[in-house]
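Note that my numbering has the sequence shown beginning at 278, numbered continuously upward.
Where a beta carbon is used, it is the ideal one built from N, C-alpha and C, also for glycine.
Owing to the predicted nature of the structure, the values given are computational and were not obtained by experimental measurement.
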Amino acid sequence: MIWRAGTYSFDFPRSTLIMGILNVTPDSFSDGGLYDSTDRAVERGLEMVAEGADIIDIGGESTRPNAVPVSVDEELKRVIPVIEILARKVNIPISIDTTKVEVAHVAIVAGASIINDVAGNRTDDALWRLAGETGAGYILMHTQGTPQTMQNNPQYSDVCAEVNDFFGKQLAKIDACGLNREQVVLDVGIGFGKTVEHNIALLKGVQTFLKWDRPIMIGTSRKSFIGALTGAGLSDRLAGSLVSACFVAGEGAGIVRVHDVAATRQALILNEYLHNKMNSV
Ligand code: PT1
């Protein structure tokens, strides 16, 4: 199975890809304000490449529960200078974490190769047509509602079945927009309109999403369900993040989205040796 993202492509099955998170925001849930100048953000991007990232995901609008929305202009001002510089300095794809077609368009012109869409439940097709026209990779993420409403009593009768229904319906609409399925990655949206039980069911159910024959991406890094299950505070969730990344990798997820790139690379390498997915030793 191939995933095409601009001039990049990845063949699956393969060792799990690591998408490193670069939040250029003052308010992201675990690292807000850390990389809110262009220089510091570029430096962290280069550091993630050195740590073994396969993709850098740049976001200028936090989408954690109850985040405050930002304008197109503000989002552009945050992310575009970072994308322009990093795209020239690194040889891995840069992804733009945005729900706005205007931001995605300028980001692609600036050098981004992937659109990471946490509003995969969109009803308009402009973002899908943009991905089709530009050949960018496209990450379709499941969510219920918006960041402002999604944690307001989320309900499912069978969360894996309902997320699979969602993938089927959205993929059919996407097909009609000239966006090739080879460009598409599916993401269950951990923490987006889900209770702790829903998140656990989705992680245990990774295999049910493989039927679409597309790479599955999972983002658990530092999220609140780890805190809810263990009592760990925001700055203390690395162990839970690593265990969940290794678990979903073993279940067939192709990409994990993480803050802690070096630690995740180390954990995944060991995990792959222990599961006999690496030949030597
Ligand atoms: C994700 C993701 C994302 N997560 C993709 N993009 C975030 N494709 C941003 C919490 O419960 O999983 N996949 N972009 C961050 N969103 C959240 C959601 C952060 C929930 C924290 C929580 O703590």
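In this structure, does DSSP put residue i in helix, strand or coil?
| i | result |
| --- | --- |
| Val301 | coil |
| Arg542 | helix |
| Val367 | coil |
| Ser518 | helix |
| Asp402 | coil |
| Asn393 | strand |
| Asp490 | coil |
| Asp316 | helix |
| Val356 | helix |
| Ile477 | helix |
| Gly466 | coil |
| Gly455 | coil |
| Phe306 | coil |
| His552 | coil |
| Glu439 | helix |
| Gly527 | helix |
| Gly508 | coil |
Can you pull the DSSP bridge partners for residue i?
| i | result |
| --- | --- |
| Ile362 | Its beta-bridge partners do not exist; DSSP assigns none. |
| Trp280 | Phe287 |
| Met325 | Paired residues: none, contrary to the question. |
| Tyr415 | Ile392, Val461 |
| Leu294 | Ile532 |
| Ile333 | Gly297, Ile371 |
| Ile495 | Val533 |
Could you compute how far the alpha carbon of residue i sits from the alpha carbon of residue j?
| i | j | result |
| --- | --- | --- |
| Tyr415 | Val462 | 6 angstroms |
| Thr384 | Leu353 | For clarity, residue 384 is Ala in the given sequence; the question names Thr instead. Distance between the alpha carbons of Ala384 and Leu353: 8 angstroms. |
| Pro424 | Gly468 | 10 angstroms |
| Asp334 | Ser434 | 32 angstroms |
| Val538 | Ala364 | 19 angstroms |
| Ile279 | Gln460 | 8 angstroms |
| Asn476 | Val440 | 12 angstroms |
| Leu456 | Gly508 | 42 angstroms |
| Thr315 | Val436 | 39 angstroms |
| Phe444 | Asn548 | 29 angstroms |
| Ser512 | Ser498 | 11 angstroms |
| Arg514 | Gly470 | 21 angstroms |
| Arg466 | Val395 | It should be noted that the sequence gives Gly, not Arg, for residue 466. Taking the straight line from one Cα to the other gives about 8 angstroms. |
| Val367 | Thr485 | 35 angstroms |
| Phe287 | Pro492 | 10 angstroms |
| Met494 | Asp464 | 5 angstroms |
| Asp331 | Gln432 | 34 angstroms |
| Gln421 | His552 | 34 angstroms |
| Glu351 | Met555 | 45 angstroms |
| Ile503 | Gly510 | 9 angstroms |
| Val386 | Val349 | 16 angstroms |
| Ser372 | Ala544 | 23 angstroms |
| Gly337 | Ile532 | 21 angstroms |
| Asp442 | Val558 | 42 angstroms |
Query raised in the report: With a cut-off of 8 angstroms, do at least 3 Cβ pairs link the segment 518-528 to the segment 446-461?
Result: no
Query raised in the report: Using 8 angstroms as the threshold, is the segment 315-325 in touch with the segment 403-420, meaning 3 or more CB pairs across them?
Result: no
Query - Three or more C-beta pairs below 8 angstroms linking the segment 289-297 and the segment 473-487 - result: no
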